[in-house]
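Colleague:
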Amino acid sequence: PLPHFLYGSALYWSGKVDGAMTEYREGLRLDPQNPMGYQLLGIAWGWKGNIEAAQENFLKAYRLDPAKADTHMNLGSTYAAQKNFEKALDHFRQAVALSPREALYHYQLGNLYDFMGRDEQAEQSYKKALKLFYKYEDAQLALGALYEKNMVHHAGAFPELETEIFVNANMKHYPLRDY
Numbered sequence: 005p006l007p008h009f010l011y012g013s014a015l016y017w018s019g020k021v022d023g024a025m026t027e028y029r030e031g032l033r034l035d036p037q038n039p040m041g042y043q044l045l046g047i048a049w050g051w052k053g054n055i056e057a058a059q060e061n062f063l064k065a066y067r068l069d070p071a072k073a074d075t076h077m078n079l080g081s082t083y084a085a086q087k088n089f090e091k092a093l094d095h096f097r098q099a100v101a102l103s104p105r106e107a108l109y110h111y112q113l114g115n116l117y118d119f120m121g122r123d124e125q126a127e128q129s130y131k132k133a134l135k136l137f138y139k140y141e142d143a144q145l146a147l148g149a150l151y152e153k154n155m156v157h158h159a160g161a162f163p164e165l166e167t168e169i170f171v172n173a174n175m176k177h178y179p180l181r182d183y
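For the sequence shown, the working numbering gives the first residue as 5, with consecutive numbering after it.
#1: My output table needs one value for Tyr66: the three-state DSSP class, helix, strand or coil.
#2: Output yes or no for whether 8 Å exceeds the beta carbon distance between Ser13 and Leu45.
#3: What are the boundary residues of the alpha helix (DSSP H) that includes Tyr111?
#4: Put Ala149 into one of helix, strand or coil per three-state DSSP.
#5: What whole-angstrom Cβ distance do Ala146 and Asp123 have, given they're in contact under 8 Å?
#6: Taking just the CA atoms, how far does Lys131 sit from Asn54?
#7: For Lys52, which residues of its own chain have a beta-carbon under 7 Å away from its beta-carbon, when the five flanking residues on both sides are left out?
#8: Give the secondary structure of Pro39 by DSSP, where H, G and I count as helix, E and B as strand, and everything else as coil.
#9: Who are the near neighbours of Ala85 in its chain, counting only those whose CB is closer than 8 Å to its CB and skipping five residues on each side?
#10: If you check the beta carbons only, do Ala57 and Met25 fall under 8 Å apart?
#11: To the nearest angstrom, report how far apart Gln144 and Leu134 are at their CA atoms.
#12: Determine the direct distance from the alpha carbon of Leu108 to that of Gly31, and round the result to whole angstroms.
#13: Check whether the Cβ atoms of Gly148 and Ser129 lie closer than 8 Å to each other.
#14: Can Tyr42 and Ala73 be called in contact, C-beta distance under 8 Å?
#15: According to the Cβ coordinates, are Met40 and Phe62 closer than 8 Å?
See the structure below:
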């Protein structure tokens, strides 16, 4: 099945999602117990906007291999899209627990906390992402926006990011987002 999954991935990344899905299904026909195939098919369904089909495939992948952090992250994303935030939070936390050195997972967890209004937890997640990868621009911007939302300036809290997160005092200040 691996050649089908690899070729399908190449098709997916070149924008040929339907062709990719055909390849993923063929790989799964050859090995119906392969969690990677369900994961890839779920990603393709998600790209097409069919959250339910994406979730169904992520659940199949999860049942076959519950210790894959990326499956938890993808499954959590489907629950978040369905506004089932507590279930999304459970899966995002599991992804972080399974892969604690993955900055993306901390960032995504921070985004969910931020969306849920759990600002202190969001801040900690963004900071953890930045400790793992200090040049993570999305996490820098999210942390800066969180501080701006709360009108807090943590001078010196992250000296290596000070010039990247906060507006220079000599420059005109522009809000990062409206609230």
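C-beta: ideal position from N, C-alpha, C; glycine also. Note that the coordinates shown come from a computational prediction; the quantities given were computed from them, not determined experimentally.
Modeller: In short:
#1: In this structure, Tyr66 counts as helix in the three-state DSSP scheme.
#2: With contacts defined by Cβ atoms closer than 8 Å, Ser13 and Leu45 do not form a contacting pair.
#3: DSSP places Tyr111 in the uninterrupted alpha helix (DSSP H) bounded by Ala107 to Phe119.
#4: Of the three classes helix, strand and coil, the one that applies to Ala149 here is helix, per DSSP.
#5: Their Cβ separation, rounded to whole angstroms, is 11 Å, which puts Ala146 and Asp123 out of contact at 8 Å.
#6: Going from the Cα of Asn54 to the Cα of Lys131 covers about 33 Å.
#7: Around Lys52: Val21.
#8: DSSP places Pro39 within a helical segment (H, G or I) once states are collapsed to three.
#9: Ile55.
#10: Cβ distance not < 8 Å, so Ala57 and Met25 don't count as in contact.
#11: Put simply, the backbone Cα of Gln144 is about 7 Å away from that of Leu134.
#12: Spanning the two alpha carbons is a distance of roughly 28 Å.
#13: No. Outside cutoff.
#14: Not a contact, by the Cβ cut-off of 8 Å.
#15: In this structure, Phe62 does not lie closer than 8 Å to Met40 by Cβ.
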